[in-house]
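First to last, the sequence lines map onto chains A and B. Heads up: the first sequence begins at 2 in my numbering, then just goes up one per residue. Heads up: the second sequence begins at 8 in my numbering, then just goes up one per residue. Beta carbons are placed, not taken as given, at the ideal position from N, Cα and C, and that holds for glycine. Model, not experiment: these values are computed from the prediction. What follows is a single structure, written as structure tokens, with notes after it.
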Amino acid sequence: MLRKDVNDLLTRTGPDTAMGDLFRQYWMPALLAEELPENDCPPVRVKLMSERLVAFRDSEGRYGLIDEFCAHRGVSLWFGRNEEGGLRCPYHGWKYDYTGQCIEVPSEPEESGFCSKIKLKNYPLIKVGDILWTHMGDPENRPPKPEWEFATVPPEQTFTSKRWQECNWLQAMEGGIDSSHVSWLHSGALVSDPLFKGARGNKYNQGDKRPFFEVVEADGGLFIGARRNAEDGKYYWRITPWVMPSFTMIPPRGDHPVHGHFWVPIDDENCWAWSFDYHPVRALSRDERKAMQDGYGVHVKYTPGSYRPLANKDNDYLMDRAAQRRGETYSGVEGIAMQDASLQESMGPIVDRTKENLVSTDNGIIMARHRLRKAVVALRDKGETPPGVDPAHHKVRSASVVLPPDQAFVDACKEDLTVRPGVKQSSV
Amino acid sequence: MNTPTLLSSCARAATAEEARYRIDYPNSRARSSRIVALDDEAAAIMRRIEDDVWGDAHFLTFRARNPAPGIEALSIDATLARPDGGETRLSAELAGADVVVMIASSGAGIDAAAAVGNACFVRNIMTAGLIVSRDRTDPDVERAVGALRPYAAVLVIAADEEFVPAMLHALRA
Chain A
2 MLRKDVNDLL
12 TRTGPDTAMG
22 DLFRQYWMPA
32 LLAEELPEND
42 CPPVRVKLMS
52 ERLVAFRDSE
62 GRYGLIDEFC
72 AHRGVSLWFG
82 RNEEGGLRCP
92 YHGWKYDYTG
102 QCIEVPSEPE
112 ESGFCSKIKL
122 KNYPLIKVGD
132 ILWTHMGDPE
142 NRPPKPEWEF
152 ATVPPEQTFT
162 SKRWQECNWL
172 QAMEGGIDSS
182 HVSWLHSGAL
192 VSDPLFKGAR
202 GNKYNQGDKR
212 PFFEVVEADG
222 GLFIGARRNA
232 EDGKYYWRIT
242 PWVMPSFTMI
252 PPRGDHPVHG
262 HFWVPIDDEN
272 CWAWSFDYHP
282 VRALSRDERK
292 AMQDGYGVHV
302 KYTPGSYRPL
312 ANKDNDYLMD
322 RAAQRRGETY
332 SGVEGIAMQD
342 ASLQESMGPI
352 VDRTKENLVS
362 TDNGIIMARH
372 RLRKAVVALR
382 DKGETPPGVD
392 PAHHKVRSAS
402 VVLPPDQAFV
412 DACKEDLTVR
422 PGVKQSSV
Chain B
8 MNTPTLLSSC
18 ARAATAEEAR
28 YRIDYPNSRA
38 RSSRIVALDD
48 EAAAIMRRIE
58 DDVWGDAHFL
68 TFRARNPAPG
78 IEALSIDATL
88 ARPDGGETRL
98 SAELAGADVV
108 VMIASSGAGI
118 DAAAAVGNAC
128 FVRNIMTAGL
138 IVSRDRTDPD
148 VERAVGALRP
158 YAAVLVIAAD
168 EEFVPAMLHA
178 LRA
């Protein structure tokens, strides 16, 4: 249960909101690099944290992320012509460079310098890995570039997709740290999904549907350990890191690539679920990459020409009750990502947390909310930089291990939970 | 049966407009929670939040285990202290309890954790362990973790005591 005022505090991310200010401390994924594939390619509409923007790549390959609307008459620059070093409004020819600076107002004498007085709001856009990242906060406090392992391994070792999720970011993110649902909602996928099946750890998942949990604070966020029984009195641990504000990783299975997510607010009722798969030490196989492109694992099949899932709320997520009865899926929805998204969207655009009845095993979620709230208040009242901004906090890994019963995962797995270049993930 | 049962039904059901029609009623009865401080510092933390508004929560401090007659190692009950200083028995407190939250700040409460944890285990009562310490690497904390792990379905190590009321309110204590 969460009071309404706290729920509002954590879920509202627009400009001049406390949580919005928190998100604006970080480099966040804005676009896939494939969305701006070449110089002078078509511009792309972007909405992030309730701000309407347009992204483009100019003739010299510089990325721009600027206010979507022309300063003249408010026309959307998505209609703009991206050419000769800038984005030109097709209405009256006003032209902007990648910083949002107006560089031409054709109706005014060039000598007047009028255009120098016009500047659209802009944010930086940098490429790290397959992603274009932006920082929408104070340029004076711009943090170092992101150093997440999935984005910094060689390109052949990583794959990233994004999908539109039609609900608030927080309820989507909370699914990413809720390990106990896996044995239920995704039970079908553990035996059928090419990016999940076959791992020894799956049988522990399926054999013990009442895991024990340990929640431990980390510098950047949390480690949430889910403990299930293994052989010989040992425990099978699945350890999920959460790094503030919205980065989560799924504990690995066998030698499958490691998956994870970023949950990025589009506005208060929509978010981007960024989904990645990478292997720390080897290239993804052709079959693995194809499975990801085909929407297996944490990825989805798309509605053609968009990043909206093919199964979405307009078609009842292609609910298949027959497959549910046959035991192929637990909820009747196909695919791990949409099994999560369908349920999270069903909660409503922003779930009313005053009505929920959390139980002890929801303590990962409770602690994440607590830490978010603390960080929001500390930033608002004292200007304190929140956890997760420091790139050192990005260097985390998930892990799945079998440990003797007397060992605390956080001590026994210190190295397993840290990025070690050239060292394979710890996985069962 | 592969087609949606009603065109766009999820699309409509998940809107903010439809959320207005969710039935507004108390969907749970008060949870009977027992909050047990296992050591002195944990008791001090607990005392600072006892006067908040709570549901059916009993705030208790572990005093002593009550061994079986002639078998010192076997606890059959324990003595707990109420906020007013009066004493109560663990067995009486567990009757009707939905959840027991054990709070510790050090390893001093190993015996207490075993006594409370075992009593909950045999009664099939959900348990949570909460260790409050700024320094997770403190050997005392490790002892506390080791003491609670066998008995707590969920174990949380929190750096600040503000988490205690946050957790209890979240659980509708």
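Whole-Å CB distance - residue i paired with residue j, under 8 Å assumed
i, j, result
"Phe248 of chain A", "Gly365 of chain A", "Not quite, the Cβ-Cβ distance comes to about 14 Å (not below 8 Å), so this is no contact."
"Arg437 of chain A", "Tyr308 of chain A", "Any property of residue 437 of chain A remains undetermined from this structure, which presents chain A solely from 2 to 429."
"Pro242 of chain A", "Phe263 of chain A", "Going by Cβ atoms, the distance from Pro242 of chain A to Phe263 of chain A rounds to 13 Å, so no, they are not a contact pair."
"Phe69 of chain B", "Met53 of chain B", "That pair is no contact at about 11 Å."
"Pro368 of chain A", "Val216 of chain A", "Checking the displayed sequence, the identity of residue 368 of chain A turns out to be Met instead of Pro. About 5 Å separates the two Cβ atoms, so the contact holds."
"Val129 of chain A", "Thr153 of chain A", "7 Å"
"Leu23 of chain A", "Val377 of chain A", "5 Å"
"Met109 of chain B", "Leu87 of chain B", "About 12 Å; that fails the 8 Å criterion."
"Glu100 of chain B", "Arg41 of chain B", "5 Å"
"Phe70 of chain A", "Ser77 of chain A", "6 Å"
"Leu178 of chain B", "Val106 of chain B", "7 Å"
"Arg46 of chain A", "Trp79 of chain A", "5 Å"
"Pro388 of chain A", "Gly221 of chain A", "5 Å"
Backbone secondary structure at residue i - three-state DSSP
i, result
"His371 of chain A", "helix"
"Leu37 of chain A", "coil"
"Phe454 of chain A", "In the structure as shown, chain A begins at 2 and stops at 429. Residue 454 of chain A is therefore absent and cannot be evaluated."
"Val1 of chain A", "Residue 1 of chain A is absent from the structure shown; chain A starts at 2 and stops at 429."
"Cys272 of chain A", "strand"
"Ala165 of chain B", "strand"
"Tyr97 of chain A", "strand"
"Leu178 of chain B", "coil"
"Cys116 of chain A", "helix"
"Ser40 of chain B", "strand"
"Lys356 of chain A", "coil"
"Ser98 of chain B", "helix"
"Leu171 of chain A", "helix"
"Ala18 of chain B", "helix"
"Ser188 of chain A", "helix"
"Arg54 of chain B", "helix"
"Met320 of chain A", "coil"
"Glu79 of chain B", "strand"
"Pro90 of chain B", "coil"
"Val47 of chain A", "strand"
"Val108 of chain B", "strand"
First through last residue of the beta strand (DSSP E) which encompasses residue i
i, result
"Leu223 of chain A", "222-230"
"Cys103 of chain A", "103-105"
"Ile132 of chain A", "132-136"
"Lys291 of chain A", "Premise fails: Lys291 of chain A lies in the alpha helix (DSSP H), 287-294, not in any beta strand (DSSP E)."
"Val282 of chain A", "Neither: Val282 of chain A is in no beta strand (DSSP E) and is coded neither H nor E."
"Gly136 of chain B", "133-139"
"Gly65 of chain A", "64-68"
Residue nearest to residue i in terms of C-alpha spacing, selected from the options
i, options, result
"Trp134 of chain A", "A:Leu88, A:Trp275, A:Asn230, A:Glu105", "A:Trp275"
"Gln158 of chain A", "A:Leu285, A:Glu112, A:Phe24", "A:Leu285"
"Ala312 of chain A", "A:Arg290, A:Gly336, A:Gly328", "A:Gly336"
"Trp301 of chain A", "A:His257, A:Arg74, A:Ile267, A:Gln340", "The sequence shown places Val at residue 301 of chain A, rather than the Trp named in the question. Comparing Cα-Cα distances from Val301 of chain A to each of A:His257, A:Arg74, A:Ile267, A:Gln340, the minimum goes to A:Gln340."
"Ala26 of chain B", "A:Lys356, A:Ala400, A:Pro422", "A:Lys356"
"Pro140 of chain A", "A:Gly94, A:Leu54, A:Ala323, A:Gln26", "A:Gln26"
"Ile178 of chain A", "A:Asp41, A:Gly15, A:Phe24, A:Val244", "A:Val244"
"Pro74 of chain B", "B:Ala51, B:Val106, B:Ser98", "B:Ser98"
"Asp361 of chain A", "A:Pro212, A:Pro310, A:Asp317", "Contrary to the premise, residue 361 of chain A reads as Ser rather than Asp in this sequence. The option with the nearest alpha carbon to Ser361 of chain A is A:Pro212."
"Gly103 of chain B", "B:Asp145, B:Cys127, B:Ala18", "B:Cys127"
"Ile30 of chain B", "A:Val397, A:Asp353, A:Asp363", "A:Asp353"
"Arg72 of chain B", "B:Val123, B:Ala159, B:Ile132", "B:Val123"
Element boundaries [alpha helix (DSSP H), containing residue i]
i, result
"Val117 of chain B", "Per the sequence shown, residue 117 of chain B should be read as Ile rather than Val. Segment 117-130, the alpha helix (DSSP H) holding Ile117 of chain B."
"Val152 of chain B", "146-155"
"Gln158 of chain A", "From DSSP, Gln158 of chain A is part of no alpha helix (DSSP H); its letter is neither H nor E."
"Lys5 of chain A", "5-12"
"Asn433 of chain A", "This structure cannot settle anything about residue 433 of chain A, because the visible part of chain A is limited to 2 through 429."
"Thr153 of chain A", "150-153"
"Phe197 of chain A", "Here Phe197 of chain A belongs to no alpha helix (DSSP H), and DSSP marks it neither H nor E."
Residues in the segment 159-172 of chain B having any Cβ partner in chain A nearer than 9 Å:
Ala159, Ala160, Val161, Leu162, Val163, Ile164, Ala165, Ala166, Asp167, Glu169, Phe170
Of all the residues that make up the segment 328-358 of chain A, which are near chain B by a beta-carbon distance shorter than 7 Å?
Glu346, Ser347, Gly349, Pro350, Lys356, Asn358
With 8 Å as the limit, tell me which residues of the segment 134-155 of chain B have their beta carbon closer than that to any beta carbon of chain A; keep them in chain order.
Thr134, Ala135, Arg143, Glu149, Val152, Gly153
Contact list for the segment 103-135 of chain B against chain A, Cβ threshold 9 Å
Val106, Val108, Met133, Thr134, Ala135
Taking beta-carbon pairs under 7 Å, can you tell me which members of the segment 211-230 of chain A lie near chain B?
Phe213, Phe214, Glu215, Val216, Val217, Glu218
Along the segment 24-39 of chain B, what residues have a CB closer than 7 Å to any CB found in chain A?
Ala26, Asn34, Ser35
Return the residues of the segment 178-197 of chain A that lie within a Cβ-Cβ distance of less than 7 Å from chain E, sorted by chain order.
You won't find chain E in this structure, because its protein chains are A and B.
Taking any Cβ of chain B, which residues in the segment 358-372 of chain A have a Cβ under 8 Å from it, in chain order?
Asn358, Leu359, Val360, Ser361, Thr362, Asp363, Asn364, Ile367, Met368, Arg370, His371
May I ask you to list, following chain order, the residues of the segment 377-388 of chain A that have a beta carbon less than 8 Å from some beta carbon of chain B?
none
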